[in-house]
Every structure is written in C-alpha cells, then in structure tokens.
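With positions in the sequence shown counted from 1, the corresponding number in this note's numbering is that position plus 129. Report on one structure; see the data block that follows.
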Amino acid sequence: MRFTASLLPTVLSSFLLAGTASAAQPDLTSSAAFDKTCTNVKRSLRMSVQEQQAFVICKDVALVQHVWTFVEQGSRRMGENKPSNTEIALAVRAELTHARDQLRQSRQMLEKIRIRSSADGLLLVPATWARDLNGDGSISTAERNFFAIPARRDGQLKLQAPSEDESYYEDEYNRKAAIRTDQSDIAWSLSYHYFAEALMEMALSYQYRESEGTSSRAIFLAHPEGMQRAHRLLVQGINTSEKMRRAVLAERDDDLEWLANPRQVNTVFPVPMDADDFRVWGELMSHLIPLVEGKTLLPLGEKMSGVMAAMARVCPEGQGFSVSALFRNAPKYPLEATNRQAWQAYCRKIDAAHPASGLNAFIQSYAGKPEQTDSAAMRYLRRLLWVN
130 MRFTASLLPT VLSSFLLAGT ASAAQPDLTS SAAFDKTCTN VKRSLRMSVQ EQQAFVICKD
190 VALVQHVWTF VEQGSRRMGE NKPSNTEIAL AVRAELTHAR DQLRQSRQML EKIRIRSSAD
250 GLLLVPATWA RDLNGDGSIS TAERNFFAIP ARRDGQLKLQ APSEDESYYE DEYNRKAAIR
310 TDQSDIAWSL SYHYFAEALM EMALSYQYRE SEGTSSRAIF LAHPEGMQRA HRLLVQGINT
370 SEKMRRAVLA ERDDDLEWLA NPRQVNTVFP VPMDADDFRV WGELMSHLIP LVEGKTLLPL
430 GEKMSGVMAA MARVCPEGQG FSVSALFRNA PKYPLEATNR QAWQAYCRKI DAAHPASGLN
490 AFIQSYAGKP EQTDSAAMRY LRRLLWVN
C-alpha cells in the first residue's frame, strides 16, 4: 500500500482538472457520472478543455486502481506461489513501466491544457467517487473515502494506513469539498506529475539480477539515459511549482479555490497558507531551483543534518555536491555507493560559474528561530508536501 499511497498527491492533483457540467461536458461530480464520463472520454486531436481535464483524471484514477490491485493481489500470490527474486523483480518492473507510461500520457495532456475562463473548468466533488480499488468486487470504507479531501486545518503531518473507521473520515475529512479549477491548478497538478514520472524513471533506470558472487551488485544501472530523463523531469517539476506559486499569488477571483492566496477565503485546500508561508516557499524555491538545475553546488553547513549533510560532507573544503552530476553519471551499483569515496565523484569546485548554494544557510536560519519546534517543523512539512 505504500506505493499506492505515494500516488495520492498525483491523483489528488488531477482532481483539479475539473466547472459546472452541462449535458455535453464531462461530469465528475458523482460516482455514476464519473463512470459515464470515463467510459466516454477518449484522447483525440479535437478534445475540448473539459475533455482534456477529464482524460487526465480518469487515467490517474485508473492507475491508482491498477497499482492497488497489483499490490494486494500480488502480495497474496507471492504468499501462495513463492516466486523467485527474479520473478518478483520482473513483475515489479512491469508495474513500474505501466505506471511511468500512464503518468507520461497524463503529463503530456496537462502540458496542453489552457483554462482561459471559469467556463473551461469542471466542478469536482471528489468524496462522491466510490471505487473498487483493489479489484475484489466490493467497496470498503477506505476505498469509498480514498479520494475525499482532508479537512482544512493547521496541524502536524500524519502518516497512517487507510482506515476502515467511518467516524475517522467524518472527523478528519471534508466530504462536501467542491473545487472549480483554474490555470494555476493545472500547474499544481503538472508539477506533481513531473515528480512522479521522475521517480518512475529513476527506479526503472536500475535492474535486478541474481548476484554474481556479491549481493551488493544485484541492482545495477541498466539505463543511464533514464536517470537523465528523470533529472529533466525534476527540473521541469520544480520550475513549474514556482510558476504555480506566482500564479496563485496573482489571482483575484475567489471561486471554489484549491490552493488559495491569502486574499482568497473560498478554498478547501487542506492546509492554510498565509503571506509568510508564500514568502518562505518562494525563498526556498529560489535556492532549490538552481541547485537541482546544476547551477549551484551544495557546500557543507555548520549545522547541517540529514540527507543534505550526508551529500555535502563528502566534498572537501572549497567544493560542493553537484546534483546534476549525480544524474549525468549515476552510480552503477547503488548498493556499493555507500562510502565517501564513491560520492566524491559528484563534488565540483565552487567558483563564479558554479557558486555555493544558499539552501543550507536558509534552512539553518529558518530552523534556528525560537518558534521552530519539532511540532512546528512537522506542520510546515505538511504544507510543503501539499504544495509540492
């Protein structure tokens, strides 16, 4: 279920591709209407804006169903048939390939969508979508509420498995939430699709084979071009996210919003975002974008910790970690790339052409504020995950 849950932001993003439905428009406001729309919508050169949006939503929901069914039924078959590691690897690779290809089709459609007025949107009430996601012929409480939107409140990030307790969804979710999309919502969705597709490309760049004397070489880089595609997608995703942030701030309407700026109050976005949140978000992006693009290098900061510190500490004084170099020349055997020497291949000299990133200084200054307790950090992490 972890893989299925990881797709949730992507699927939620495709909710936002939807206005008032007329008889000739796709209707995604109820389970029955959803079934009819997804049965009828087909990709063509003459699709309306509404049909383009419905195409993405239907395809993403179908992907969730496919993955959920694979995980549950595949786990059951593994217990019964005891497949070899190679057989498991081949089955997982086939599923990842399917997910990558479906995400690519959705992403390519999203890139074409231009919502020029409120009439181009569709009205969504996601909690009305009741789907049999695992293919067992019934709809559980968790499946019936899977697409419901969490209630809007300021709180810490919580990760838990889907619940079968109906009262949980009554308390924690807004099952009456309705959304009318605009172009900034398309950008929100598109950036998530870039990120999800990049993750699939990274995973598919590597393959499994029975170890030849050492298990550390069981996973090897088979398709280096996949890592380069993943990097391009990440760069596009993070730039699209910043465009979306600016587009949201520029909005003047207030009509069934998803991600809303501080002036907009008619929103069902799960986390409140004030002016300071948008400012911090923008400052973070100003450091992340050039770092991911390879224009800046990550040096070691005095108080760095976690993944960034692990990357930065491999580089000697005067050098910094290059994210783009990692994707251009990815580790051939990732299970062996755990020592300092292996990661030093991605260190580059800090100079005028490739200055040091200000990301670590930004994070240290933010984390050092008195109000930034662990609980406050988890609240902000929840914001960052929802805004991608």
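Virtual Cβ for every residue (Gly too), placed ideally from N, Cα, C.
If you draw a straight line from the Cα of Arg-375 to the Cα of Ala-306, it is about 24 angstroms long.
Look at Lys-461 here: in three-state DSSP terms it is coil, with no helix or strand label.
In the three-state scheme derived from DSSP, where H, G and I count as helix and E and B as strand, Asn-489 is classed as helix.
The C-beta of Ser-486 has 16 or more other C-beta atoms within 10 Å across all chains shown, which makes the residue buried.
Taking C-beta atoms under 8 angstroms as the contact rule, Phe-163 and Met-238 fail to qualify, at a distance of about 18 angstroms. Counting only the Cα atoms, Leu-385 lies some 37 angstroms from Ala-332.
Taking all protein chains in view, the Cβ of Asn-210 is surrounded by fewer than 16 other Cβ atoms within 10 Å, so the residue is classified as exposed. A direct Cα-Cα distance of roughly 12 angstroms separates Asp-311 from Leu-253. The Cβ atoms of Gln-154 and Leu-192 lie no closer than 8 angstroms to each other. Beta-carbon to beta-carbon, Val-377 and Asn-395 are separated by about 14 angstroms, too far to satisfy the 8 angstroms threshold. Looking at the backbone, the Cα of Asp-383 and that of Val-178 are separated by about 21 angstroms.
Per the coordinates, the alpha-carbon of Ile-186 lies some 13 angstroms from the alpha-carbon of Gly-250. Judged by DSSP in its simplified three-state form, Ile-217 adopts helix. Rounded to the nearest angstrom, the gap between the Cα atoms of Ala-359 and Lys-461 is 16 angstroms.
Here Phe-450 is bridged, per DSSP, to Leu-427, Cys-476.
Of the candidates His-195, Glu-326, Arg-222, His-195 places its Cα closest to the Cα of Leu-262. When secondary structure is reduced to three states using DSSP, Leu-157 falls in the strand class. Take the alpha-carbon of Ala-223 and the one of Ile-217: they are about 10 angstroms apart.
A straight line joining the alpha-carbon of Ser-159 with that of Trp-258 spans about 6 angstroms. For Ile-186, the enclosing alpha helix (DSSP H) begins and ends at 178 to 210. Nearest in C-alpha terms to Val-190, of all of Ser-267, Phe-276, Tyr-475, is Phe-276. Going by DSSP, Ile-418 is part of the alpha helix (DSSP H) stretching over 404 to 422.
For Gln-357, there is no enclosing beta strand (DSSP E); the enclosing alpha helix (DSSP H) covers residues 353 to 379. Excluding residues up to 5 positions away in sequence, Tyr-335, Ile-348, Leu-350 lie with their Cβ nearer than 8 angstroms to the Cβ of Pro-463 in the same chain. Taking C-alpha positions only, Glu-201 is separated from Arg-408 by approximately 42 angstroms.
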